[in-house]
Amino acid sequence: MTIAQSTTSASADAPSTIQAMDTIRFQAELFGLLRNGAGTGELLQLQKHGEEVVREPEQRRLLAESVQAAFSIQKLQAIQLQREKGLLAVLETAQDLTAIRDLELVLQAIVRRARQIFATDIGYLTNYDRVRNDFYIRATDGATSDRFRNVRVPPEHGICGHVLKHKTPYHCTNYMQDQGFIHDNGIDLAIAEEGVCSLLGAPLMVGNHCIGILCVCDRQPRSHEPWEISMLATLAAQAAIAIENARLFQETQVALQQVSQANAMLHQQTTEIADAAEAHEQMTKLAARGGTVTDILQMVASLLGGEVALLNEAEQLSYHASAPQVAIAPPLSKLFQDIAVQDLVHKALTQSRLSGQSQTVEPAPGLVLKIAAITGANGLLGAMLMLSRGAISDTQVRTFERGALVAGVALLSEERSKHALSSRSIATIRSLVTWQQEPASVLQALTEPLGLDLNSPVRMMVLHIESNHLEYALRRLRPRLPSSALMEPLDGLIVAVYAARHAEETETAVRSTLMQGSRLSVVGVCSDTISQVDTLPQCFRSLKRCIDVLRALKRDNELVSEPLFSMYALLFEQRGTKDLNSFIQASVGELISHDLRRNTNLCGTLLAYLDESQSFKIAAASLDIHVNTLRQRLETIDHLLGNWRNGSKTLEIHMALRMHSLNGSMSRVTD
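In C-alpha cells, the structure reads:
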C-alpha cells in the first residue's frame with residue numbers, strides 16, 4: 001500500500017499519530033527512490049504529494065528536511081557517478097596510449113571522452129604551431145562550423161592565449177562577455193558562428209612548455225566545478241603525454257632509419273669499392289695482354305651497365321660498345337647526330353680536359369652522358385662517353401675514369417702504329433707525285449701493302465684547309481674513307497690517291513664530313529680517272545694550280561673537277577686575287593657595273609652568245625628569250641664595250657666572262 005492510499009484511509013480520523021506514520025512512510029518511499037536512482041523529477045513529484053497530505057506543521061518540517069536531504073544525496077550520487085565516469089575515461093585513455101599507434105586516433109578519443117564526461121556540446125584540442133606561432137584545432141568532436149574547425153588563434157588572444165601565458169586551466173560562463181583575456185574579431189566570429197557560450201580549457205604541458213589546449217564548450221551558460229577542472233587537466237596531461245611520446249617515437253624512428261640508411265650506404269660503398277678494385281684489376285690485366293680499345297670499351301660497358309663510345313680528336317664517334325641486354329633509347333649513335341648534343345659534349349670535353357675529371361651532361365630527359373677527356377703527351381687524343389639511365393655512383397664514376405685512362409694507353413699504342421703507317425703512306429704519296437718517279441713495279445710494291453692497286457685506274461684529290469687544321473680534318477676523314485684510299489698531308493695540302501671505282505664514295509665522304517655543317521674552310525679539286533701512273537706528277541701540279549685559282553676567286557667549301565679549271569689555272573698560275581679582278585674589270589667591268597645598276601643580265605647574255613659560237617638562235621634558246629631580245633641586248637653591249645668583236649678582243653672578253661662566272665658574282669636575272 002502506497003503513502004497516498006494509507007493517507008486517504010486515515011484522513012477521517014487525522015490524529016497526530018497517523019500524521020507521524022504517514023511521514024515515516026513518506027521518508028521510506030523517498031529513500032527507496034534514492035536507492036533505485038530516481039531522478040529529480042520523481043523526487044519533486046513525491047515532495048508535492050507529501051505537502052498535500054501532511055498538514056501538521058511539525059510533520060511538514062520533517063518532510064521538507066527529508067526531501068532536502070534526498071536532493072543533497074542525489075547530487076552527491078551524480079557527482080560521484082561523474083567522477084567514476086571520469087576516472088574510467090582516464091583509465092581507458094591510458095590504455096589507448098599503449099594500444100593505439102595512431103596519434104590522431106588517441107587525440108580524437110580524448111576529445112570525445114572529455115565531451116562525454118562533462119556532457120558538453122563540443123570538445124576540441126588545439127596544438128601550438130611553433131613555426132607559425134599560433135594555435136590550430138587538431139581534434140574536435142561536436143563542432144559543426146568549418147570556420148570554427150579551421151580557426152587559427154594567435155598566442156596572445158582568446159582562452160588559448162591566456163592558458164599559454166599562465167599555464168593553468170581557465171573557464172568562463174559567457175565567452176563573449178568575459179574580459180579575462182584579449183578578444184580577436186576573427187576568433188569571436190568563429191565562436192559566434194558555432195554558438196559557443198561557456199568554455200573550459202586546460203593546458204597540455206610538457207615540462208614547462210605548453211604545447212596545446214584541451215577544451216570543452218557548451219552553447220548555453222554553465223559553471224564548472226573544481227573536480228571538473230581537475231578531471232579536464234588530467235585528460236590534458238594524458239594528451240600531452242601522447243603527443244610527446246609520438247614525437248619521441250617519430251624521432252626514434254627517424255634516427256633508426258638514418259642508422260639503417262647509413263649501414264646500407266656503408267655496405268653499398270664497401271661493395272662498390274671492392275667491385276671498383278676488381279674492375280681496375282681486370283682492365284689492367286686486359287691492357288697488359290695487349291687488349292684493343294674495343295675490348296676495353298666492352299669491359300667498361302659490361303661493368304657499368306651502359307653504352308660506351310670513344311671520340312677521336314675530331315670529336316667523331318670512332319669506337320662503340322654496349323653492355324649485354326642493355327638497350328637505351330635513343331642510342332648514343334643517333335643521339336650524337338644532334339648538333340645541340342655535340343655542342344654540349346664539346347663544352348664538357350673542354351672542361352674535362354682542363355679539370356682532369358669527367359663531366360656530366362643530360363642530352364635528353366632521363367638520360368645521363370658522362371664525358372672523360374683522354375690526353376697524351378702531344379695533347380688531346382679523344383674522349384670516352386658513357387650513356388646511362390639516371391646518374392651513376394661516385395665509385396662507378398671512378399671506374400669509368402679508370403677505364404678512360406686504360407683506353408688512353410691503348411690509344412697511344414694504336415697511335416704509334418698509325419703514325420708508323422702514316423709515315424709510310426706519306427712517303428708513298430710523295431713517291432707517286434714527284435717528278436723523279438720510281439719504276440711502276442717499285443711504286444706498286446709500295447702501295448700494295450697499303451691497299452691501293454696501281455694496276456687499276458685511280459684518281460687524285462687535293463684539299464686546302466684554312467687555319468692549318470690539316471690533322472683535325474684528317475682525323476675526321478680517315479674513318480669514312482675506303483680502306484684502299486691513301487690520304488696524307490703534303491706541302492701544306494691534303495693529298496689523296498684512291499681507286500677510281502671508289503671515287504663517288506670518297507668524294508661524298510669529303511663533302512659530307514668537311515664541307516657540310518663544318519667549322520672548317522675547305523676548297524678542293526679532284527682529277528679525272530688516271531690510267532697511267534707516270535702522269536700523277538703532272539696531275540698533282542695541275543691540281544695545285546687549280547687550288548690557287550679557287551683561292552684567288554675566294555671559293556669556299558667546294559670540291560670541283562680539275563678539267564673545269566685547268567685552262568684558267570694554267571693561264572693565271574702564280575696570279576693572285578688582285579690580278580684576276582683587274583683582268584675581269586678591265587675586260588668586262590662596264591657590263592658588270594651596268595648589271596648591278598640596272599639589275600640586268602648582260603654578262604650572262606654575252607657569255608651564252610660566245611659559248612654558242614655567236615649563234616643568235618642557239619644562244620636565245622639557251623637563255624629562254626626571243627632572238628630580237630638577244631639582238632637588243634647585244635646592241636647595248638656594243639654601246640658599252642665598243643669594238644669587242646675582233647678575234648683577240650673576243651677571246652679576252654670570253655675568258656673574263658668565264659672567270660667572272662666562276663667567281664660566282666655574275667647576276668642571274670631573267671627578263
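Residue 1 is where the sequence shown starts when you use the UniProt record's numbering, and the numbers rise one by one after that. Each residue gets a CB set at the ideal place from its N, CA and C atoms; glycine is no exception.
What is the C-beta distance between residue i and residue j, in whole angstroms, given that I count them as a contact (C-beta under 8 angstroms)?
i, j, result
"A373", "L380", "6 angstroms"
"A323", "S302", "5 angstroms"
"L332", "A314", "Rounded, the Cβ-Cβ distance is 17 angstroms, inconsistent with contact."
"V523", "R551", "6 angstroms"
"V216", "G123", "5 angstroms"
"G382", "L411", "7 angstroms"
"L477", "V510", "7 angstroms"
"D134", "P155", "6 angstroms"
"L344", "M460", "Contact flag wrong, Cβ pair sits at about 39 angstroms."
"E244", "V206", "5 angstroms"
"T173", "S145", "No, T173 and S145 are not in contact; Cβ-Cβ is about 21 angstroms, not under 8 angstroms."
"L200", "P169", "7 angstroms"
Just to confirm the assignment, what range does the alpha helix (DSSP H) spanning residue i have?
i, result
"A276", "226-288"
"T629", "627-641"
"R138", "Per DSSP, R138 belongs to no alpha helix (DSSP H); it is in the beta strand (DSSP E), 134-141."
"G186", "185-194"
"T294", "293-304"
"Q106", "Looking at the sequence provided, one finds Val at residue 106 rather than Gln. Per DSSP, V106 belongs to the alpha helix (DSSP H) from 103-118."
"L477", "470-477"
"T605", "602-611"
Taking Cβ positions, are residue i and residue j nearer each other than 8 angstroms?
i, j, result
"L463", "L493", "yes"
"F336", "L317", "yes"
"I211", "H171", "no"
"R147", "T140", "no"
"V153", "T126", "yes"
"L354", "P363", "no"
"N312", "R519", "no"
"L235", "L214", "yes"
"A239", "I110", "yes"
"T506", "A485", "yes"
"A620", "L630", "yes"
In whole angstroms, what separates the C-alpha of residue i from that of residue j?
i, j, result
"L559", "S531", "22 angstroms"
"V259", "E104", "27 angstroms"
"R389", "P330", "11 angstroms"
"L446", "E438", "10 angstroms"
"L640", "N557", "35 angstroms"
"H320", "L387", "11 angstroms"
"residue 720", "Q357", "Given a span of 1 to 671 for the chain in the structure shown, any question on residue 720 remains unanswerable."
"Y498", "T294", "28 angstroms"
"R668", "I592", "With a pLDDT of 34 at R668, under the threshold of 50, the modelled position of this residue cannot be trusted, and the question is left open."
"L304", "R112", "59 angstroms"
"D394", "Q298", "20 angstroms"
"A427", "S521", "27 angstroms"
"P482", "S587", "45 angstroms"
"P457", "F400", "48 angstroms"
"I653", "L623", "19 angstroms"
"Y627", "F540", "Contrary to the premise, residue 627 reads as Val rather than Tyr in this sequence. The straight-line gap from Cα to Cα measures roughly 44 angstroms."
"Y136", "C160", "10 angstroms"
"T636", "S561", "35 angstroms"
"A190", "Y175", "12 angstroms"
"L443", "D534", "10 angstroms"
"I429", "A440", "13 angstroms"
"Y609", "V525", "28 angstroms"
I'd like to confirm the pairing. Which residues does DSSP put opposite residue i in its beta bridges?
i, result
"N127", "Y136, G212"
"T447", "According to DSSP, T447 bridges with nothing at all."
"E558", "V523"
"C172", "L199"
"H320", "A309"
"L149", "The sequence as given places Arg at residue 149; Leu does not occur at that position. Paired residue(s): none; R149 is not in a bridge."
"H464", "V523"
"G206", "Checking the displayed sequence, the identity of residue 206 turns out to be Val instead of Gly. Note: V206 sits in a beta bridge opposite H209."
Tell me where the beta strand (DSSP E) around residue i begins and ends.
i, result
"S347", "The displayed chain sequence assigns Lys, not Ser, to residue 347. No beta strand (DSSP E) holds K347; the alpha helix (DSSP H) holding it covers 339-355."
"G524", "522-526"
"I530", "Counting along the chain, I530 falls outside any beta strand (DSSP E), and DSSP gives it neither H nor E."
"H162", "Taken as a continuous stretch (DSSP letters only), H162 belongs to no beta strand (DSSP E), being part of the alpha helix (DSSP H) at 158-166."
"A372", "367-376"
"S512", "It is not in any beta strand (DSSP E) - S512 instead sits in the alpha helix (DSSP H) that spans 503-514."
"A496", "493-499"
"L490", "486-490"
"A383", "379-389"
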